[in-house]
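Please read the structure below before turning to the comments.
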Amino acid sequence: MARQPNKETLLDWYRQMVLIRRFEERCAELYQQGLIGGFLHLYIGPEATGVGAVAALREQDHVITAYRDHGIALARGLDVNRVMAEMLGKRTGVSGGKGGSMHLADRDLHMWGGYGIVGGHLPLAAGIALAAKYQGKDEVVVALMGDGSTNIGYFHESLNLSAVWDLPVVWLVENNQYGMGTAVGRASGAVEIVNKANAYCCGADGHGMLQGPRVDGMDVMAVYDAISEAAEHARKYGPVLVESLTYRLEGHSMGDPQRYRTKEEVESFQTKGPIGRFRALLSDKYKGVESALDRIDEEALKAVDDAVEFAKNSPDPTYDDLVSHVYVD
Amino acid sequence: MADKVITIREALSAALREEMQRDERVFIMGEEVGVWGGTYAVTRGFIDEFGEKRVRDTPISEMVIAGAAVGAAMAGLRPIAEIMTINFAFLALDAIVNHAAKVRYMFNGQFTVPLVIRTTTGGGKQLGATHSHAPEVIFAHFPGLYVGVPGTAYDAKGMLKASIRDDNPVLFVEHSTMLQRRAAVPEDPDFVLPIGKSDVKRRGKDVTIVTYGKGLEWSMTAADTLSKDGIEAEIVDLRWLRPLDLEPVFESFKKTNRCVVVEESLPMFNIGAEVAAQIQQEMFDYMDAPVKRVSAMDIPLPYSREIELMALPSAEKVVAAVKELV
Numbered sequence: 001m002a003r004q005p006n007k008e009t010l011l012d013w014y015r016q017m018v019l020i021r022r023f024e025e026r027c028a029e030l031y032q033q034g035l036i037g038g039f040l041h042l043y044i045g046p047e048a049t050g051v052g053a054v055a056a057l058r059e060q061d062h063v064i065t066a067y068r069d070h071g072i073a074l075a076r077g078l079d080v081n082r083v084m085a086e087m088l089g090k091r092t093g094v095s096g097g098k099g100g101s102m103h104l105a106d107r108d109l110h111m112w113g114g115y116g117i118v119g120g121h122l123p124l125a126a127g128i129a130l131a132a133k134y135q136g137k138d139e140v141v142v143a144l145m146g147d148g149s150t151n152i153g154y155f156h157e158s159l160n161l162s163a164v165w166d167l168p169v170v171w172l173v174e175n176n177q178y179g180m181g182t183a184v185g186r187a188s189g190a191v192e193i194v195n196k197a198n199a200y201c202c203g204a205d206g207h208g209m210l211q212g213p214r215v216d217g218m219d220v221m222a223v224y225d226a227i228s229e230a231a232e233h234a235r236k237y238g239p240v241l242v243e244s245l246t247y248r249l250e251g252h253s254m255g256d257p258q259r260y261r262t263k264e265e266v267e268s269f270q271t272k273g274p275i276g277r278f279r280a281l282l283s284d285k286y287k288g289v290e291s292a293l294d295r296i297d298e299e300a301l302k303a304v305d306d307a308v309e310f311a312k313n314s315p316d317p318t319y320d321d322l323v324s325h326v327y328v329d
Numbered sequence: 001m002a003d004k005v006i007t008i009r010e011a012l013s014a015a016l017r018e019e020m021q022r023d024e025r026v027f028i029m030g031e032e033v034g035v036w037g038g039t040y041a042v043t044r045g046f047i048d049e050f051g052e053k054r055v056r057d058t059p060i061s062e063m064v065i066a067g068a069a070v071g072a073a074m075a076g077l078r079p080i081a082e083i084m085t086i087n088f089a090f091l092a093l094d095a096i097v098n099h100a101a102k103v104r105y106m107f108n109g110q111f112t113v114p115l116v117i118r119t120t121t122g123g124g125k126q127l128g129a130t131h132s133h134a135p136e137v138i139f140a141h142f143p144g145l146y147v148g149v150p151g152t153a154y155d156a157k158g159m160l161k162a163s164i165r166d167d168n169p170v171l172f173v174e175h176s177t178m179l180q181r182r183a184a185v186p187e188d189p190d191f192v193l194p195i196g197k198s199d200v201k202r203r204g205k206d207v208t209i210v211t212y213g214k215g216l217e218w219s220m221t222a223a224d225t226l227s228k229d230g231i232e233a234e235i236v237d238l239r240w241l242r243p244l245d246l247e248p249v250f251e252s253f254k255k256t257n258r259c260v261v262v263e264e265s266l267p268m269f270n271i272g273a274e275v276a277a278q279i280q281q282e283m284f285d286y287m288d289a290p291v292k293r294v295s296a297m298d299i300p301l302p303y304s305r306e307i308e309l310m311a312l313p314s315a316e317k318v319v320a321a322v323k324e325l326v
């Protein structure tokens, strides 16, 4: 059973989700202004999945994800100022301005990074889990990925190895319905992605339960419960795959004309958005909580304002930064 | 401790065993490394000695062998991942190039990847076009990775031990037809050779032969033949394609003013191209002739014995190239 979150915890999840939303909205503006370059994949829509999943982990556990990583980084507690500084390519960024939007990491917080190659981080997750198991540590890895990555070889090789070696990994598929512009049903033989785990289901010791639940990824409580349970299984026996049904309310990246879906479809999901829904739940559960929620909303806006200030006032990387960390000296 | 004459295979085994005894974090993973004992028998007996935890058979899954080894290295272990032959490393190219070589840089030094990927290279065994590549130069293109290619048992042991002890990712390439070659090798468990140092394998004054891996064998044989004709070749064994140490090449070239590069790679964009470019840049005033290159022919390798050998370099081809220069 998952630890039951108290009011303070639930308000903190709300805070994280709102912070992510405001952060992403601001990033979109900064991108339009030319202050953020490269690709920019916004985490607007799937906030409940990232926040719920990370909330289910302990400090010693591990998180790794793909390139839509801002929300995961903020949920894991990376400093919002330094995340924004990375967006702006500043020396104070979490990756020193050398990684950018797709490559946010913090070793100390066991956030092993966002990765730009679809599926490329999945074997890394298996390796991190192997290291934990090898060293006899009671730790679990949550590897987030998009639906698109479940069609690439890395996915199948990594799931298979994790089952053969009983590795403590939760494979969390954020199914946002589209791999770039290609709908899941047009790209995946298995339309219910969670079924793909079936093929690798029996770990060598017979404890395999690779196929976990399909959860409502717009419901932070449901995601928290599912990942808590999956992580528990992963620690004890081996890998689990959870599919989180979510939706990205913005384009794949900036400048996506979104010809692959209708406005009506996007609008229908906007009304089911995870933040409004969670706010309604909290208002219902705790009488008079609105003022606290309003205050959280204001604080999130201010935190993002401050982060932009911090980033803008930060120095650019130098020539020494350019040439450092290619090798261990 | 004394030296002992052993094969390259035995040198590799000894290096692995000593480093596994020395450091609990070192482990081996790959296809057929355990129960089978290694397809080239380098890890024979290891699974009994070190157990399944440290000698890990994997599925035939090069992408995850390389990628999981990167993750394990980032998380504090010191994996030795075996890719059975370098032909299969093409499947793992993304994990090696985009992750092993780059995660340190991309995340500004937060991660360290103390990883060795061992693999075998080379043609000449009638295995056809897909199983006969010698493409280590491709991997040497990328900063963040080291690429070592030993040509003797002595180097094999010292270079592999150095690779395992180093905190950077190393692609360690062994030639599949040279595993039985013998040399005197130190038994001292702390014998290591520096990473990124070339080695002059033969002294001479008339021509500089730059080579590595199997090319060393062709070049040494050629040098014996040339010597009978009064031509003394100096042979520089690069040993490492990255870091590439050309200082001994330049030193030699100042004396010989002529250079032949011998390698099993294909002719275009190979080490010969790099060495020739650097010699004309650094040694222009010393040049008496263009740099010549001996490599495989620019075709896929065929199966049939005679025409396969026709396509590969040989001592005779090295002799002929040198004679065109001096």
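From first to last, the protein sequence lines are chains H and U.
End of the first sequence = 329 in this note's numbering, gap-free, step of one.
End of the second sequence = 326 in this note's numbering, gap-free, step of one.
The beta-carbon is built from N, C-alpha and C at its ideal position, and this holds for glycine as well.
It should be emphasised that the depicted structure is a prediction, and the values quoted were computed from it without experimental measurement.
Any C-beta of chain H under 8 angstroms from that of residue i
{"i": "residue 61(U)", "result": "yes"}
{"i": "residue 154(U)", "result": "no"}
{"i": "residue 147(U)", "result": "no"}
{"i": "residue 168(U)", "result": "yes"}
{"i": "residue 11(U)", "result": "no"}
{"i": "residue 121(U)", "result": "no"}
{"i": "residue 107(U)", "result": "yes"}
{"i": "residue 76(U)", "result": "yes"}
Own chain, CB closer than 7 angstroms to residue i, minus 5 neighbours either side, in chain order
{"i": "residue 326(U)", "result": "206, 207, 231 and 258"}
{"i": "residue 69(H)", "result": "102, 104 and 114"}
{"i": "residue 288(U)", "result": "257 and 258"}
Own chain partners of residue i with C-beta closer than 6 angstroms, once the 5 adjacent residues on each side are dropped
{"i": "residue 78(U)", "result": "25, 26 and 114"}
{"i": "residue 230(H)", "result": "170, 212, 240 and 242"}
{"i": "residue 140(H)", "result": "61, 168, 231, 234 and 235"}
Proximity test, Cβ basis, 8 angstroms: residue i and chain U
{"i": "residue 126(H)", "result": "yes"}
{"i": "residue 95(H)", "result": "yes"}
{"i": "residue 60(H)", "result": "no"}
{"i": "residue 311(H)", "result": "no"}
{"i": "residue 81(H)", "result": "no"}
{"i": "residue 107(H)", "result": "yes"}
{"i": "residue 112(H)", "result": "yes"}
{"i": "residue 154(H)", "result": "yes"}
{"i": "residue 70(H)", "result": "no"}
{"i": "residue 179(H)", "result": "no"}
{"i": "residue 288(H)", "result": "no"}
{"i": "residue 77(H)", "result": "no"}
{"i": "residue 99(H)", "result": "yes"}
{"i": "residue 330(H)", "result": "The structure shown does not extend to residue 330(H), since chain H is modelled only from 1 through 329, so no value can be given for it."}
{"i": "residue 103(H)", "result": "yes"}
Other residues of its chain near residue i: CB distance less than 8 angstroms, five sequence neighbours each side excluded
{"i": "residue 315(H)", "result": "90, 91 and 92"}
{"i": "residue 128(U)", "result": "301, 302 and 303"}
{"i": "residue 195(H)", "result": "211"}
{"i": "residue 30(H)", "result": "36, 87, 88 and 308"}
{"i": "residue 328(U)", "result": "Residue 328(U) falls outside the range modelled here, since chain U spans only 1 to 326, and no answer is possible."}
Residue i, buried or exposed, once every other Cβ within 10 Å from all chains shown has been counted against 16
{"i": "residue 352(U)", "result": "Outside the shown range of chain U (1 to 326) lies residue 352(U), about which nothing can therefore be said."}
{"i": "residue 218(H)", "result": "buried"}
Per-residue contacts from residue i into chain H (C-beta, under 9 angstroms)
{"i": "residue 143(U)", "result": "326 and 327"}
{"i": "residue 104(U)", "result": "325, 326, 327 and 328"}
{"i": "residue 193(U)", "result": "Near residue 193(U) there are no residues of chain H at all, since even the closest Cβ is about 18 angstroms away, more than 9 angstroms."}
Nearest-angstrom beta carbon gap, residue j and residue i [assumed within contact, 8 angstroms]
{"i": "residue 311(H)", "j": "residue 87(H)", "result": "7 angstroms"}
{"i": "residue 171(U)", "j": "residue 145(U)", "result": "6 angstroms"}
{"i": "residue 40(U)", "j": "residue 17(U)", "result": "Not really, about 15 angstroms apart at Cβ, beyond 8 angstroms."}
{"i": "residue 101(U)", "j": "residue 152(U)", "result": "That pair is no contact at about 27 angstroms."}
{"i": "residue 72(H)", "j": "residue 128(H)", "result": "Contact flag wrong, Cβ pair sits at about 15 angstroms."}
{"i": "residue 4(U)", "j": "residue 185(U)", "result": "6 angstroms"}
{"i": "residue 28(H)", "j": "residue 42(H)", "result": "6 angstroms"}
Within chain H, partners of residue i - CB distance below 8 angstroms
{"i": "residue 53(U)", "result": "134"}
{"i": "residue 46(U)", "result": "Per Cβ cutoff of 8 angstroms: no residues; residue 46(U) is ~16 angstroms from chain H at best."}
{"i": "residue 70(U)", "result": "123, 124 and 127"}
Amino acids of chain U, ordered along the chain, whose beta-carbon sits closer than 7 angstroms to that of residue i
{"i": "residue 157(H)", "result": "61, 63 and 64"}
{"i": "residue 117(H)", "result": "94 and 98"}
Under 7 angstroms from the C-beta of residue i: neighbouring residues of chain H
{"i": "residue 199(U)", "result": "Correct list: empty, because the minimum Cβ distance to chain H is about 21 angstroms."}
{"i": "residue 112(U)", "result": "328"}
{"i": "residue 84(U)", "result": "Those within 7 angstroms of residue 84(U) in chain H number zero; the least Cβ separation is about 15 angstroms."}
Proximal residues of chain U, C-beta to C-beta of residue i below 8 angstroms
{"i": "residue 160(H)", "result": "59, 61 and 64"}
{"i": "residue 120(H)", "result": "67, 94, 95, 98 and 99"}
{"i": "residue 222(H)", "result": "Going along chain U, no residue has its Cβ under 8 angstroms from residue 222(H), so there is no contact; the nearest lies around 29 angstroms."}
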